[in-house]
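**Q**
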Amino acid sequence: MDEQLTTLKMKKIVTTTVAYNEDKIKPFLNKVSSKNGSVTSARTEKQYSMWNNFGTIEVILCVILGILVTVIIAFIAVVLYRSRKHRKSREYENALCLMNELYYCAPEPAVTSSHKQNDRWEIEKSLVIINFGAKLGSGAFCDVYKGKIVGKAPVCRISSSLAATRLFCDCECAVKILPEFTDDIGRSDFMQEINFMKTLHYHTHLVSMLGWVNDDKTPMLLVEYCKHGDLLHLLRQKKEQIVQGYENEYDLKIKNLVSFGWQISSGLEYLSSIGCIHRDIAARNILVDSGYVAKVSDFGLCRLSDSLLYTGKRGRLPLRWMAPESLKSYEYSHKSDVWSFGVLLYEIFSFGEVPYSSIQSEDLIDYLHSGKRLDKPDFCSEEIYKLMLDCWDEQPTRRPSFANICSLIAAILESATANYGYVVAVKKDYLLPDNSVTVLL
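Per UniProt numbering, the sequence shown runs over residues 1 to 441.
#1: Sorted by chain position, which residues of the same chain lie with C-beta nearer than 6 Å to Ser266's C-beta, five sequence neighbours on each side aside?
#2: Classify Tyr145 as helix, strand or coil using the three-state DSSP reduction.
#3: With a CB to CB cut of under 6 Å and the five nearest residues on each side skipped, what residues in its chain are close to Glu193?
#4: According to DSSP, is Val78 part of a helix, a strand, or is it coil?
#5: Note down the Cα distance separating Phe196 from Leu387, rounded to an integer number of angstroms.
#6: Contact check, Met322 vs Ser340 under 8 Å by CB: the rounded distance?
#7: Consult DSSP for Arg284 and reduce its assignment to one of helix, strand or coil.
#8: Relative to the C-alpha of Arg303, which candidate in Gly291, Arg320, Leu287, Ser336 has its C-alpha closest?
#9: When the Cα atoms are used, what is the spatial distance from Ser370 to Gln360?
#10: Excluding the five sequence neighbours on either side, which residues of its own chain have a C-beta within less than 7 Å of the C-beta of Thr182, listed in chain order?
#11: Which one of Lys125, Ile67, Cys276, Asp289 has the shortest CA to CA distance from Gly229?
#12: In three-state terms, what does DSSP make of Ala294?
#13: Alpha carbon to alpha carbon, what distance is there between Ser138 and Ser329?
#14: Whose C-alpha, out of Ala403, Ala74, Thr70, Thr199, is nearest the C-alpha of Gln263?
#15: Need the endpoints of the beta strand (DSSP E) that Ile359 sits in, please.
#16: Would you mind working out which of Val128, Ile76, Leu413, Phe379 sits nearest Asp215, comparing C-alpha positions?
#17: Using a Cβ-Cβ cutoff of less than 6 Å, which residues in the same chain neighbour Thr232 once the five nearest sequence positions on both sides are dropped?
#18: Have a look at Ser159, Val343, Gly151, Leu80 and flag the residue whose alpha-carbon is nearest the alpha-carbon of Cys173.
#19: Within 10 angstroms of its Cβ, does Lys255 collect 16 or more other Cβ (buried), or is it exposed?
#20: As a quick exercise: from Trp392, Leu368, Lys148, Leu364, pick the residue whose alpha carbon is nearest that of Tyr346.
#21: For Gly66, is the classification buried or exposed, using 16 other Cβ atoms within 10 angstroms of its Cβ as the cut-off for buried?
#22: Taking the alpha carbon of Arg279 as the point to measure from, which residue in Lys239, Leu344, Tyr292, Ile242 has its own alpha carbon closest?
#23: What would DSSP say about Met322, mapped onto helix, strand or coil?
#24: CA-CA distance, Leu210 and Asp366?
#25: Can Leu252 and Gln244 be called in contact, C-beta distance under 8 Å?
#26: Assign Tyr385 to buried or exposed, taking buried as 16 or more other Cβ atoms, counted over all protein chains shown, within 10 Å of its Cβ.
#27: Nearest CA to the CA of Gln408: which residue from Tyr270, Lys376, Ile274, Val258?
#28: Is Ala134 closer than 8 Å to residue 452 when the C-beta atoms are compared?
#29: Using three-state DSSP, classify Ser401 as helix, strand or coil.
#30: Determine the extent of the alpha helix (DSSP H) in which Glu224 is found, giving its start and end residues.
#31: Should Asp363 be labelled buried (16 or more other beta-carbon atoms within 10 Å of its own) or exposed?
#32: Starting from Glu347, trace the alpha helix (DSSP H) in both directions and tell me its first and last residue.
#33: In the DSSP assignment, find the unbroken alpha helix (DSSP H) run with Asn195 in it and report its ends.
#34: Quick check: what's the CA-CA separation for Leu317 versus Cys226?
#35: Per DSSP, which one or two residues make a beta bridge with Asp289?
Structural data, given as structure tokens:
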């Protein structure tokens with residue numbers, strides 16, 4: 001009897017009547033299937049309306065969320081792209097090679113008071129006559145003027161050779177003056193250059209230090225004075241004269257350009273032999289004395305290293321003269337100097353053209369890694385251009401040494417005639433009326 005009653009109860013449909021607030025909330029039936037039958041639950045119209053409209057709200061939310069995600073991704077992509085461009089620009093343009101500008105690396109400790117004592121390189125300020133009306137140039141933080149040393153220069157005490165005594169007594173000099181307002185970094189770099197130049201012995205193809213004025217406010221570095229100034233300006237100034245030199249008796253000819261290459265390589269061979277990495281080999285840093293004697297100068301970036309590799313990335317750097325490994329990893333060696341020498345040869349035989357003038361600085365490393373190199377200058381022989389390409393080998397170990405470069409250029413000079421190097425050139429405004437030159441090799 002009880003089982004029958006239970007069965008009847010389970011089969012009975014339960015109707016829930018909602019009496020409260022009947023005019024606002026009406027009942028409806030929502031059948032929910034169950035194993036033993038069906039159970040009816042009561043829900044309000046308001047609840048049903050919310051449930052029925054949930055799909056629309058969900059779609060709207062998904063669309064809004066999708067738009068937000070897209071905007072965020074686009075924003076992140078733009079930020080990353082601009083960050084990458086800014087980083088490359090900072091790496092490759094933070095030291096655009098402006099003419100006549102010195103490039104300096106991270107400062108090292110300035111000279112201490114102990115270094116100032118018993119310094120045989122010092123000279124009294126009263127023995128240095130400075131011609132402030134004859135400004136020779138400006139660097140990153142110092143000015144250079146023509147001057148004169150009264151009596152023997154301090155270098156004569158260091159080098160007792162007759163040549164030094166004869167050359168540097170009552171002699172003209174170039175005076176690099178550090179202004180009083182220079183910051184600590186500039187002052188430290190200036191003193192570092194002085195200390196480095198003290199370690200160099202006299203060499204015909206290096207600009208020699210003659211002495212320095214030890215003044216706490218405005219120290220001065222005295223170096224050799226070179227009559228013709230820097231090689232870059234000389235090449236541009238003498239361009240027409242050299243180009244037409246095969247037909248006229250001018251003092252400079254193409255063969256002189258080869259001679260410049262040999263003289264510079266001779267000076268760099270000496271630097272590499274004492275473990276010096278120059279890091280700023282360029283035509284603007286080669287000075288030319290009377291008799292067209294070329295001398296390597298500007299040792300602000302030089303480093304003496306016992307190892308084969310030097311790493312340093314701070315400061316202004318001459319990008320268009322740097323080897324790929326230096327651009328990418330800030331690694332320097334004698335072989336990265338060889339690469340720069342190849343670019344210097346390009347400057348010499350193109351009469352001072354800017355290397356990679358059509359390439360943006362931030363694109364330079366990709367350009368070089370693609371295997372592209374500077375084109376052969378019009379007045380450059382095949383053997384000199386081959387030497388350039390050897391200097392620009394992607395693998396540093398395959399580049400020639402300065403000893404090999406010096407020997408090769410010497411052999412070229414020995415076999416060259418007075419009119420060596422004049423080649424058939426592309427039509428240029430500076431050529432003679434027939435727009436060609438005779439091939440003389």
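Glycine residues also receive a C-beta, built at the ideal position from the N, C-alpha and C atoms.
**A** Reading from the atomic positions:
#1: Once the five neighbours on either side are set aside, the close Cβ partners of Ser266 are His205, Cys406.
#2: DSSP places Tyr145 in strand when its eight states are reduced to three.
#3: Closer than 6 Å at the Cβ level, and outside the excluded window around Glu193, lie Phe299, Gly300.
#4: It is helical.
#5: Looking at the backbone, the Cα of Phe196 and that of Leu387 are separated by about 30 Å.
#6: With 8 Å as the limit, Met322 and Ser340 qualify as a contact, their Cβ atoms being about 7 Å apart.
#7: Three-state DSSP puts Arg284 in a helix.
#8: Measuring C-alpha to C-alpha distances from Arg303 to each of Gly291, Arg320, Leu287, Ser336 identifies Ser336 as the nearest.
#9: Taken atom to atom, the span from the alpha-carbon of Ser370 to that of Gln360 is near 15 Å.
#10: Closer than 7 Å at Cβ, skipping near neighbours: Phe141.
#11: Of the candidates Lys125, Ile67, Cys276, Asp289, the one whose C-alpha sits nearest the C-alpha of Gly229 is Asp289.
#12: Annotated three-state conformation of Ala294 is strand, per DSSP.
#13: A straight line joining the alpha-carbon of Ser329 with that of Ser138 spans about 30 Å.
#14: Check the Cα spacing between Gln263 and each of Ala403, Ala74, Thr70, Thr199: the tightest is with Ala403.
#15: Note, Ile359: premise wrong, no beta strand (DSSP E); not H, not E.
#16: In this structure, Val128 is the residue among Val128, Ile76, Leu413, Phe379 with its C-alpha nearest to the C-alpha of Asp215.
#17: Going by the sequence as given, residue 232 is Leu instead of Thr. Closer than 6 Å at the Cβ level, and outside the excluded window around Leu232, lie Ala283, Arg284, Gly352.
#18: Checking every option, the nearest Cα to that of Cys173 belongs to Gly151.
#19: By the 10 Å Cβ count, Lys255 comes out buried.
#20: Among Trp392, Leu368, Lys148, Leu364, the Cα nearest to that of Tyr346 belongs to Trp392.
#21: Gly66 is exposed by the Cβ-count criterion.
#22: A check of alpha carbon separations from Arg279 across Lys239, Leu344, Tyr292, Ile242 identifies Leu344 as the nearest.
#23: Met322: coil per DSSP, three-state reduction.
#24: Straight-line measurement puts the Cα of Asp366 at about 43 Å from the Cα of Leu210.
#25: Against a cut-off of 8 Å, the Cβ pair of Gln244 and Leu252 comes out as no contact.
#26: Under the 10 Å beta carbon count, Tyr385 is surrounded by 16 or more other beta carbons and is classified as buried.
#27: Note on identity: in this sequence residue 408 is Leu, with Gln being the wrong assignment. It is Val258.
#28: The requested residue 452 does not occur in the structure, where the chain is confined to residues 1 to 441.
#29: Residue state, collapsed to three classes: coil.
#30: First-last for Glu224: 220-224, but that is the beta strand (DSSP E), not the alpha helix (DSSP H).
#31: Per the 10 Å Cβ criterion, exposed.
#32: Per DSSP, the continuous alpha helix (DSSP H) segment holding Glu347 begins and ends at 334-349.
#33: Segment 184-198, the alpha helix (DSSP H) holding Asn195.
#34: Cys226 has its alpha-carbon roughly 25 Å from the corresponding atom of Leu317.
#35: According to DSSP, which records beta bridges pairwise, Asp289 is partnered with Val293.
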